[in-house]
Amino acid sequence: MAGSSKKSKDHKSGEEGLYAGTSLGPQNLALNTNKAGMEGLDTEKINEIIKNASEGSRFYQHKQKRQQELDIKLDQMKEAAKSFTDKQIKEATKQMDQLVCELEPGRDLSHTIVHIDMDMFYAAVEMRDDPTLRDKPMAVGGTGMLSTSNYAARRFGVRAAMPGFIGKKLCPDLIIVPLHFDKYKKVSKQVQEVMAEYDPNFCAMSLDEAYLDITQYLLNHYQSHDEDLDMGSVAQTVVAEMREKIQTKTQLTASAGIAPNTRLAKVCSDLNKPNGQYYLPPDLESIKKFVSALSIRKVSGIGNVSEQHLHALGITQCSHLMEKRGLLRLLFSDTSYHSFMNIALGLGHSSLSSWNDRNRKSISNETTFKGTSERGTLIKITESLCQELADEMDQKDIIGKVLTLKLKTINFEIRSRAQTLSAPTSGFEVLFSTARRILLHEMNTNEGPLSLRLLGVRMSSLMNSAEAGSSRQATLTQMFSKITQEKTIIHTSEQVDDILQVDIGNGADVKCLSKIEEIGLHAKTPLESEKLQLPSEFLGHNKTRVKVESGTTSVKSFLLKNKESFDTRKMEEYECSVCSAQIRVRNMEEFNRHLDFCLENHASCDSTVKLSNCEDSNLNLLFCLNKSNANCRSKGFTSESRTDQTQMKNTRSQQSAVDQDSVNVDDNNGTVSESLYICPVCHKEQSSDVGSLTKHVDDCLSKSAISEMLKDKDELQGESSKGTLSIPQKPVKATSKNTSHLFPHGKRKGTGSGKSSKKVKGFCNTLDRYFS
DNA sequence: GGGCGATAACTAT
DNA sequence: TTCCAATAGTTATCGCCC
């Protein structure tokens with residue numbers, strides 16, 4: 001990064017806009033020299049080469065645009081900074097002093113935290129295995145992107161996260177070795193074996209990086225025997241010994257930082273690289289001295305953008321954070337200025353337990369490809385991404401509830417579109433149909449053809465599938481047993497609206513449900529449980545939405561008794577601008593889903609009638625079934641009325657009522673190439689005869705279908721370990737596998753505050769990761 | 001107007 | 001010639017509801 005270069009302009013004045021607008025190109029494209037072995041380089045020359053190699057490209061233009069946007073923000077921030085009165089700054093400084101008083105007592109100097117970082121790990125492994133590479137500039141990766149480089153290459157400005165072709169421009173003799181992950185994993189395991197001797201609960205951050213808390217080790221091996229020992233020296237000896245063991249075992253060197261917390265240990269490990277270590281004594285005086293001289297960019301969590309924000313205020317080293325604390329308080333969000341103060345004070349995690357307890361929050365799969373706008377190709381890529389993601393989730397026993405599709409246009413603009421599924425799943429079918437629907441919607445609503453170079457699928461709101469599966473299984477089992485007992489459930493299409501959703505936590509707010517399968521029974525208090533005649537295991541779900549079936553006698557009587565307190569929403573009718581049908585919905589969200597569906601199907605295949613497998617495909621179908629909507633039918637929407645079967649048969653050639661996920665879709669034009677009928681309720685393949693299908697749908701929605709499901713109850717339990725539970729439209733994975741990895745539902749933290757107009761918007765970073 | 005869920009966007013390594 | 005990844009975590013913002 002230019003910020004640490006002696007020759008770069010930003011060193012002249014922290015108030016200047018760094019490289020922005022200079023002949024060296026946008027600041028966000030400048031070489032980041034914040035890496036061991038990259039000190040004292042001729043950054044001006046290197047940046048010129050980078051600029052020449054990139055200029056004119058879409059990537060360069062994108063970076064320029066982003067930098068211009070950032071520059072505007074930086075200017076606004078500087079203006080705002082100037083506008084504050086002395087009184088305001090004084091007051092803010094006082095508030096920050098108060099914050100310091102609150103933070104300081106949390107300082108814990110009793111732990112000895114070690115950060116181990118393998119030197120140029122991937123490159124070192126390759127050099128070890130091929131001695132001819134040792135004295136030559138080399139990097140590991142591909143022409144697309146380099147993962148790491150050796151020190152000889154770093155002298156030319158070649159570093160990680162740099163495209164290979166730029167590396168070649170900087171150093172024509174650069175040797176690029178492809179990645180061999182299996183090898184790195186093996187070596188990493190060897191390193192971890194050594195670290196485990198010193199702290200069995202060490203926290204691996206990646207293949208080449210880990211934190212250890214050696215406090216207990218020191219106590220066990222040294223302090224308990226001799227209380228007069230200089231524990232600082234002992235810690236250094238122990239860490240040196242550990243590094244030696246690593247080297248003996250792997251023939252690779254490691255560097256280490258020893259400090260009272262993780263933040264400081266991380267900074268320290270970088271100071272004497274390669275093959276060195278740095279010890280920061282656990283006393284306030286040493287820490288304050290160490291931190292105040294520290295460049296802000298050396299702190300983990302402060303990257304390019306954060307650095308530019310701070311530089312704009314004249315803050316280049318950590319001591320400036322303390323000096324300008326009043327400004328920081330006035331300009332940044334609560335989260336940000338809290339983080340800055342923690343950094344300024346040299347605070348961080350002194351225990352690794354909270355890190356070890358971390359749960360995965362999301363899992364994703366993405367790929368970059370040659371830019372294309374071809375629908376079929378993009379759908380194929382999406383499909384393969386979903387398949388891989390589903391497999392990985394199955395392997396890890398995870399299911400998720402929110403699917404996010406990430407798109408990067410050929411101009412490097414990134415978009416993400418998320419959809420919350422009605423039930424957590426890892427099922428490929430749901431993932432793909434949802435991702436595909438989002439993709440098609442984006443393509444249809446984009447101005448002009450949507451050309452993409454990257455697609456990604458991400459699942460979040462994760463939970464452990466075994467855990468979720470067993471609880472859901474219990475719920476369903478309970479539900480079925482209740483149904484068997486009472487035998488009063490009536491499910492016909494007309495009675496779908498009778499399925500109610502009771503939000504007990506909010507005082508029995510009953511809403512009509514459209515989906516019969518979305519049933520989960522929970523009660524908040526014993527009284528509510530009693531009223532609903534729910535088994536005790538449904539207790540304790542605070543403010544949990546309760547979805548009940550009106551046909552269940554006990555529930556029904558409860559609902560009737562309390563009828564007046566329920567606010568049953570009315571359906572409203574809107575005209576769909578795509579299919580011109582009058583659509584009955586409960587809210588705009590439902591209507592939007594209908595619109596999405598119509599847009600997708602109308603645009604992708606005019607003459608082909610399809611039923612989307614979108615979340616509300618049942619709903620869409622039911623609306624149309626009930627309304628016999630001619631408009632829908634004529635506009636390519638599955639709308640055959642069951643009272644109009646003749647007409648439906650006439651449209652059979654139009655592939656009525658098919659589920660896209662289960663038919664062969666010719667992805668090049670989005671039309672259905674083979675006729676297969678899938679029941680939209682139970683998702684099972686049905687006879688290709690439309691009349692039979694219609695009857696089946698009727699049956700599926702009726703009592704007999706429920707009875708059939710009841711018969712399958714035992715089977716459901718028995719097959720739970722096989723995976724997908726075939727409940728209508730709810731591919732919920734119900735596995736009985738045991739796993740030690742628990743994934744409780746990732747609960748969102750409160751939303752950001754600090755909405756003052758003078759706050760710098762968009763300043764969000766991961767600083768707070770380092771504070772619990 | 002605060003709490004909260006859903007979604008988009010940003011940032012880091 | 002090529003023309004800048006993959007993965008994950010956090011924060012911002014909006015809209016709904018009470």
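Just so it is clear: in the first sequence, position 573 is 573 by UniProt numbering, and no numbers are missing. All residues carry an ideal CB built from backbone N, CA and C; glycine is no exception.
Separation of residue j from residue i, as counted between CA atoms
i: ILE116; j: LEU264; result: 12 Å
i: HIS541; j: ASN359; result: At HIS541 the pLDDT is 29, less than 50, meaning the model places this residue with poor confidence and gives no usable figure here.
i: GLY750; j: ASN275; result: With a pLDDT of 27 at GLY750, under the threshold of 50, the modelled position of that residue is not reliable, and the figure given next carries that caveat. Their Cα atoms are separated by approximately 43 Å.
i: HIS309; j: LEU74; result: 6 Å
i: ILE399; j: GLU388; result: 14 Å
i: TYR60; j: GLY142; result: 20 Å
i: ASN47; j: THR316; result: 21 Å
i: LYS249; j: VAL114; result: 19 Å
i: ASP208; j: MET118; result: 5 Å
i: ALA435; j: VAL457; result: 7 Å
i: ALA53; j: MET195; result: 43 Å
i: LEU405; j: LEU462; result: 16 Å
i: ILE166; j: ASP129; result: 26 Å
i: VAL239; j: LEU284; result: 22 Å
i: residue 783; j: LYS273; result: Outside the displayed span of the chain (1 to 772) sits residue 783, for which this structure offers no information.
i: ASN32; j: TYR337; result: 25 Å
i: ALA80; j: CYS386; result: 46 Å
i: PHE290; j: GLY314; result: 20 Å
i: ARG243; j: LEU280; result: 17 Å
i: ASP42; j: ALA30; result: 12 Å
i: THR132; j: TYR278; result: 31 Å
i: PHE332; j: ALA312; result: 13 Å
i: ASP226; j: GLN216; result: 15 Å
i: GLN64; j: GLU413; result: 12 Å
i: LEU146; j: SER57; result: 19 Å
i: LYS245; j: THR368; result: 40 Å
i: GLN98; j: SER362; result: 36 Å
Integer Cβ distance of residue i from residue j, believed to fall under 8 Å
i: ASP199; j: LEU218; result: Contact flag wrong, Cβ pair sits at about 10 Å.
i: THR85; j: GLY326; result: Not quite, the Cβ-Cβ distance comes to about 11 Å (not below 8 Å), so this is no contact.
i: SER269; j: SER255; result: 5 Å
i: LYS266; j: SER300; result: 5 Å
i: LEU179; j: TYR122; result: 7 Å
i: residue 774; j: ILE287; result: For the chain, the structure presents residues 1 to 772; residue 774 sits outside this window and is missing.
Selection from the options that minimises the alpha carbon distance to residue i
i: LYS396; options: SER364, ARG417 and SER384; result: SER364
i: THR112; options: ASN47, ILE214 and CYS203; result: ILE214
i: LEU450; options: ARG458, ALA210, LEU439 and LYS63; result: LEU439
i: GLU429; options: GLU413, LEU403 and VAL191; result: LEU403
i: ASP334; options: GLU104, MET96 and LYS245; result: MET96
i: ASN201; options: SER351, PRO281, LYS78 and ASP130; result: SER351
i: TRP355; options: VAL305, ASN261 and ILE379; result: ASN261
i: GLU442; options: ASN464, ALA418, THR425 and GLU244; result: ALA418
i: GLN67; options: ARG415, LEU328 and SER306; result: SER306
i: GLY348; options: ASP42, ILE89 and PRO105; result: PRO105
i: PRO409; options: SER110, LYS380, GLU447 and THR425; result: Strictly speaking, residue 409 in this sequence is Thr, with Pro absent from that position. For THR409, the nearest C-alpha among the options comes from GLU447.
i: LYS45; options: GLY164, VAL234, THR368 and ARG155; result: ARG155
i: LEU454; options: ILE72, ASN464, ARG415 and ARG329; result: ARG415
i: ALA466; options: ARG58, GLU102, PRO424 and SER224; result: PRO424
i: ALA259; options: GLN251, ILE246, GLU241 and ALA235; result: ALA235
i: SER353; options: GLU197, GLU91, ALA204 and LYS189; result: ALA204
Where the beta strand (DSSP E) through residue i begins and ends
i: ASP129; result: That residue, ASP129, is in no beta strand (DSSP E); its alpha helix (DSSP H) goes 121–129.
i: ASN342; result: Taken as a continuous stretch (DSSP letters only), ASN342 belongs to no beta strand (DSSP E), being part of the alpha helix (DSSP H) at 334–345.
i: SER364; result: 362–372
i: TYR278; result: 277–279
i: THR104; result: Per the sequence shown, the amino acid found at residue 104 is Glu instead of Thr. Unbroken run through GLU104: none, as it is neither H nor E.
i: MET209; result: It should be noted that the sequence gives Glu, not Met, for residue 209. Segment 209–213, the beta strand (DSSP E) holding GLU209.
Terminal residues of the alpha helix (DSSP H) in which residue i lies
i: MET231; result: 231–250
i: CYS268; result: 262–269
i: THR404; result: THR404 -> not in any alpha helix (DSSP H); beta strand (DSSP E) instead, spanning 398–409.
i: ILE287; result: 284–292
Is the stretch 367–379 touching the stretch 331–348, taking contact as three or more C-beta pairs under 8 Å?
The stretch 367–379 makes no contact with the stretch 331–348, as fewer than three CB pairs between them are under 8 Å.
Taking contact to mean at least 3 C-beta pairs separated by less than 8 Å, is the stretch 224–241 in contact with the stretch 158–171?
With the rule of 3 Cβ pairs closer than 8 Å, the stretch 224–241 does not count as touching the stretch 158–171.
The stretch 138–156 / the stretch 29–47 touching (three or more Cβ pairs under 8 Å):
Counting Cβ pairs under 8 Å, three or more are found: they touch.
Validate contact between the stretch 135–145 and the stretch 173–184 using beta carbons, cut 8 Å, 3 pairs
By the Cβ rule, the stretch 135–145 counts as touching the stretch 173–184, because three or more pairs are nearer than 8 Å.
Counting Cβ pairs, one atom from each stretch, are 3 or more of them under 8 Å apart for the stretch 177–188 and the stretch 160–169?
Put simply, the stretch 177–188 does not touch the stretch 160–169. Fewer than three CB pairs are less than 8 Å apart.
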